[in-house]
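Participant:
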């Protein structure tokens, strides 16, 4: 058993060593991945003495056909600030005078990588740019992708974009909230309502009017993407088969059909309720009615009150009937500016009567109220099924005069511009790396050259596990108890399984050795015992013939005494053996061990014969 616990302890040490080695290898592998990531577009160098990842940034370049790209790394060309005002708004805030800047991220900065930053608080912002070429919804997918970082978190505001509809009178200097758009997509938050918008404006083929169709809310929790102050990648994919996908950081958070998963639906119902039809006056919708044959019982008294005075109640002893509950404050003084002609006669404010604090109560004592056992309330007839019940009335259905069927809502209005029209109560919202294309590979490569690099830098700058645990414990102090138990458990198991086992075995060994030691007998004592034995045998033979009868009686009556004396002599002999064990020399102990086998039986026989002789 001792070897099993030793092997267990050794196994624990080996596992800890292997785990530490694996962590070191994973760290090295992560460094290798950083260095090997996108060698054609960026170079990474991990500095072991610094907490940040130093990289050489290169502006992303599209690898295929695109309709629009923007990195904000060069001159802000092509973007137009709105000069108009928002309608139906107070004049002092109606103007689109929110400030925009092009700058680097505040945290996890990638040198040379800049973005468009919304700088103003509680102001309207509007900026837009024309696409390189218009996107026509035909037989190619539409992919819209860009990055957002809420550097200061977000209280109330949005970071969505609008794809503006093509028209002859489109003027970006007059871009405002009523400017026609085809698609609106992106994050939005106000209060505790976290949204990811996907809205498209659908044209009614019969009337030519446009209606907004909203995608259903994603099932995932969006809160972390809005509050972690990291750069996130938002992607919208529309396909010619009338399906859509919304992705955050290249993971799908919502998908569906343009025909089935939009609110309100693209196509109206074929039938509607007849608006001219009205419910008949004699239509009975009551499933239950009072029983007309029921009669109120004679003993039913509707006049009985629900509460009555408790007749068994007794006024508590010490109740102060003559003392009011409130008295004028004796310390109050009339204000100097009190005008009795204007304010009336001044009276001191009322305070609780101090005499009532030690008494069970003051003032006129009133019996407490209790439930009236005779109270039944107003009598009502029991309910029965209505024999004239006709069900819930509803108007008849008629063909919908506005019905149409659009089997391909993907074919939306052509898009020719992109714009950001926002209001925010939080500043420093960062936008970067816009792309509009039709090929998923092009969008993924664009993301790897931009957002992928930001993600690596942010990961390299993440605090260590210990710092994260401490931060979590600051927000949730109960975690300290969990940490202590987690650390104490392996230590306690190690002490329990490794250390006490050796001590216990040592004690067992000592006990075992003590029980194995025989009582030593010296040669002199053994010789003397043999001589006494010989003398006793001679005497016993001489007296045997004369004492046969007496010896038999002694054996019958005094058997118990003989046994007791034998036990006492054995105990005395054991004590003498212990004493000689402590004082005798090693040679005497060895000799005693050699002669123990033959000496014990001889000595015992001598004792028995002595007893019989006596």
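Numbering (our numbering), first residue to last: 731 to 1344. From the three backbone atoms N, C-alpha and C, an ideal C-beta is built for every residue, glycine too. The model shown is predicted, which means the values in this text are computed figures rather than measured ones.
At the level of alpha carbons, what is the spacing between residue 836 and residue 881?
Facilitator: For the purposes of this step, residue 836 is taken as the residue at position 106 of the chain shown. For the purposes of this step, residue 881 is taken as the residue at position 151 of the chain shown. C-alpha separation (whole angstroms): 7 Å.
Participant: Note down, in chain order, each residue of its chain lying with its Cβ closer than 7 Å to the Cβ of residue 927, except the 5 sequence neighbours on either side.
Facilitator: Numbered from its first residue, the chain shown carries residue 927 at position 197. Excluding residues within five positions, the ones whose Cβ falls inside 7 Å are 890, 914, 915, 916, 918.
Participant: Using DSSP with H/G/I as helix, E/B as strand and the rest coil, what is residue 830?
Facilitator: Within the chain shown, numbered from 1, the residue matching residue 830 stands at position 100. The three-state secondary structure of residue 830, taken from DSSP, is strand.
Participant: On a Cα-Cα basis, can you pick out the residue from 1033, 977, 958, 971 that is closest to residue 965?
Facilitator: Taking the first residue of the chain shown as position 1, residue 965 is located at position 235. The residue with the shortest Cα to Cα distance from residue 965 is 977.
Participant: Report, in whole angstroms, the separation of the C-beta atoms of residue 1165 and residue 861, which I expect to be a contact under 8 Å.
Facilitator: For the purposes of this step, residue 1165 is taken as the residue at position 435 of the chain shown. For the purposes of this step, residue 861 is taken as the residue at position 131 of the chain shown. Rounded, the Cβ-Cβ distance is 11 Å, inconsistent with contact.
Participant: Quick one: is residue 838 buried, meaning 16 or more other Cβ sit within 10 Å of its Cβ, or exposed?
Facilitator: By one-based count along the chain shown, residue 838 stands at place 108. The residue is buried, with at least 16 neighbouring Cβ atoms inside 10 Å.
Participant: Measure from the alpha carbon of residue 982 to the alpha carbon of each residue in 999, 990, 963, then state which is nearest.
Facilitator: For the purposes of this step, residue 982 is identified with residue 252 of the chain shown, where counting begins at 1. Closest by alpha carbon: 963.
Participant: Do residue 892 and residue 1168 count as a contact pair if the criterion is CB distance below 8 Å?
Facilitator: As a working note, residue 1168 is residue 438 in the chain shown. As a working note, residue 892 is residue 162 in the chain shown. It is not a contact, given that the beta carbons lie outside the stated cut-off.
Participant: Determine the DSSP secondary structure at residue 945, reduced to helix, strand or coil.
Facilitator: Numbered from its first residue, the chain shown carries residue 945 at position 215. Residue 945: strand per DSSP, three-state reduction.
Participant: Using the C-alpha atoms, what's the distance from residue 1156 back to residue 883?
Facilitator: Residue numbering aside, residue 883 sits at position 153 when the chain shown is read from its first letter. Residue numbering aside, residue 1156 sits at position 426 when the chain shown is read from its first letter. Per the coordinates, the alpha-carbon of residue 883 lies some 7 Å from the alpha-carbon of residue 1156.
Participant: Would you decide whether residue 779 is buried or exposed? Buried here means 16 or more other CB atoms lie within 10 Å of its CB.
Facilitator: By one-based count along the chain shown, residue 779 stands at place 49. At residue 779 the pLDDT is 38, less than 50, meaning the model places this residue with poor confidence; the figure from the coordinates comes in the next sentence. Burial call: exposed.
Participant: Buried or exposed for residue 843, going by 16 or more other Cβ atoms inside 10 Å?
Facilitator: For the purposes of this step, residue 843 is taken as residue 113 along the chain shown, with counting starting at 1. Buried: at least 16 other Cβ atoms inside 10 Å.
Participant: Can you give me the C-alpha to C-alpha distance between residue 1088 and residue 1050, rounded to a whole angstrom?
Facilitator: What you label residue 1088 is simply residue 358 of the chain shown in a count that begins at 1. What you label residue 1050 is simply residue 320 of the chain shown in a count that begins at 1. The alpha-carbon atoms of residue 1088 and residue 1050 are separated by roughly 10 Å.
Participant: Can you tell me whether residue 1025 is buried or exposed, with buried defined as 16 or more other CB within 10 angstroms of its CB?
Facilitator: In the chain shown, counting from the first residue as 1, residue 1025 sits at position 295. Residue 1025 is exposed by the Cβ-count criterion.
Participant: By alpha-carbon positions, which one of 1217, 1079, 1091 ends up nearest to residue 1048?
Facilitator: Here residue 1048 corresponds to residue number 318 of the chain shown, with the count starting at 1. The option with the nearest alpha carbon to residue 1048 is 1091.
Participant: Pairing CB atoms from the stretch 846-856 with CB atoms from the stretch 1142-1161, are three or more of them under 8 Å?
Facilitator: yes
Participant: Does the beta-carbon distance from residue 1015 to residue 1122 come in below 8 Å?
Facilitator: By one-based count along the chain shown, residue 1015 stands at place 285. By one-based count along the chain shown, residue 1122 stands at place 392. A contact, by the Cβ cut-off of 8 Å.
Participant: Rank 1118, 961, 1161, 1037 by C-alpha distance to the C-alpha of residue 1107 and give the top, closest one.
Facilitator: Within the chain shown, numbered from 1, the residue matching residue 1107 stands at position 377. For the residues 1118, 961, 1161, 1037, the minimum Cα distance to residue 1107 belongs to 1037.
Participant: With 16 other CB atoms within 10 Å as the buried threshold, where does residue 1072 fall?
Facilitator: Within the chain shown, numbered from 1, the residue matching residue 1072 stands at position 342. Under this definition residue 1072 is an exposed residue.
Participant: Would the stretch 995-1010 and the stretch 1129-1142 be scored as touching if the rule is three or more Cβ pairs under 8 Å?
Facilitator: yes
Participant: Ignoring anything shorter than 4 residues or poking outside the stretch 863-919, list the alpha helix (DSSP H) runs there in chain order.
Facilitator: none
Participant: Please report how far the alpha carbon of residue 980 lies from the alpha carbon of residue 1137, in whole angstroms.
Facilitator: As a first step, residue 980 must be located in the chain shown, where it is residue number 250. As a first step, residue 1137 must be located in the chain shown, where it is residue number 407. For the pair residue 980 and residue 1137, the Cα-to-Cα distance works out to about 29 Å.
Participant: Would you mind giving the Cβ-Cβ distance between residue 949 and residue 1018, rounded to the nearest angstrom? I have them listed as a contact below 8 Å.
Facilitator: Here residue 949 corresponds to residue number 219 of the chain shown, with the count starting at 1. Here residue 1018 corresponds to residue number 288 of the chain shown, with the count starting at 1. For residue 949 against residue 1018, the beta-carbon gap comes to about 41 Å, at or over 8 Å, which does not count as contact.
Participant: Could you check where the alpha helix (DSSP H) with residue 1174 kicks off and where it finishes?
Facilitator: Translated into positions along the chain shown, residue 1174 becomes position 444. Where residue 1174 is concerned, the enclosing alpha helix (DSSP H) stretches over 1170-1179.
Participant: Work out the CA separation of residue 930 and residue 952 for me, nearest whole Å.
Facilitator: Taking the first residue of the chain shown as 1, we reach residue 952 at position 222. Taking the first residue of the chain shown as 1, we reach residue 930 at position 200. Taking the straight line joining both Cα atoms gives about 21 Å.
Participant: From 1218, 998, 789, pick the residue whose C-alpha is nearest to that of residue 934; which is it?
Facilitator: Your numbering for residue 934 matches position 204 in the chain shown. It is 998 whose Cα lies nearest to the Cα of residue 934.
Participant: Looking at residue 1043: is its Cβ nearer than 8 Å to the Cβ of residue 1059?
Facilitator: Translated into the one-based positions of the chain shown, residue 1043 becomes position 313. Translated into the one-based positions of the chain shown, residue 1059 becomes position 329. Pairing residue 1043 with residue 1059 gives a Cβ-Cβ distance that is not under 8 Å.
Participant: For residue 1184, tell me which candidate among 940, 841, 816, 1022 has the shortest Cα-Cα distance.
Facilitator: Position 454 of the chain shown, counted from the start, is the residue given in the question as residue 1184. Comparing Cα positions, the closest option is 841.
Participant: So who's on the other strand from residue 1129, going by DSSP bridges?
Facilitator: Here residue 1129 refers to the residue found at position 399 when the chain shown is read from its first residue. Paired residue(s): 1001.
Participant: May I have the straight-line CA-CA distance separating residue 1113 from residue 1125, to the nearest angstrom?
Facilitator: Residue 1113 sits at position 383 when you count from the first residue of the chain shown. Residue 1125 sits at position 395 when you count from the first residue of the chain shown. One C-alpha to the other measures close to 29 Å.
Participant: If you check the beta carbons only, do residue 1097 and residue 1052 fall under 8 Å apart?
Facilitator: Against the chain shown, residue 1097 aligns to sequence position 367. Against the chain shown, residue 1052 aligns to sequence position 322. No, the Cβ-Cβ distance between residue 1097 and residue 1052 is not below 8 Å.
Participant: By Cβ distance, which residues of its chain are closer than 8 Å to residue 796, with the 5 residues on each side in sequence left out?
Facilitator: For this step, residue 796 is matched to residue 66 along the chain shown. Result list for residue 796: 862, 1165, 1166, 1167, 1172, in chain order.
Participant: Name the one or two DSSP bridge partners that residue 859 has.
Facilitator: Counted from its first residue, the chain shown places residue 859 at position 129. Paired residue(s): 809, 1148.
Participant: Residue 806: which of 1163, 1263, 1216 sits nearest, CA to CA?
Facilitator: Counted from its first residue, the chain shown places residue 806 at position 76. Among 1163, 1263, 1216, the Cα nearest to that of residue 806 belongs to 1163.
Participant: Please look up how many angstroms separate the CB atoms of residue 1356 and residue 824, rounded, as I've assumed it's under 8 Å.
Facilitator: In the structure as shown, the chain starts at 731 and stops at 1344, and residue 1356 therefore has no counterpart that could be examined.
Participant: Could you name the residues of the same chain whose beta carbon sits closer than 8 Å to that of residue 1120, not counting the 5 residues immediately before and after it, in chain order?
Facilitator: Mapped onto the chain shown, residue 1120 falls at position 390. So the list reads 1013, 1014, 1015, once near-sequence residues are dropped.
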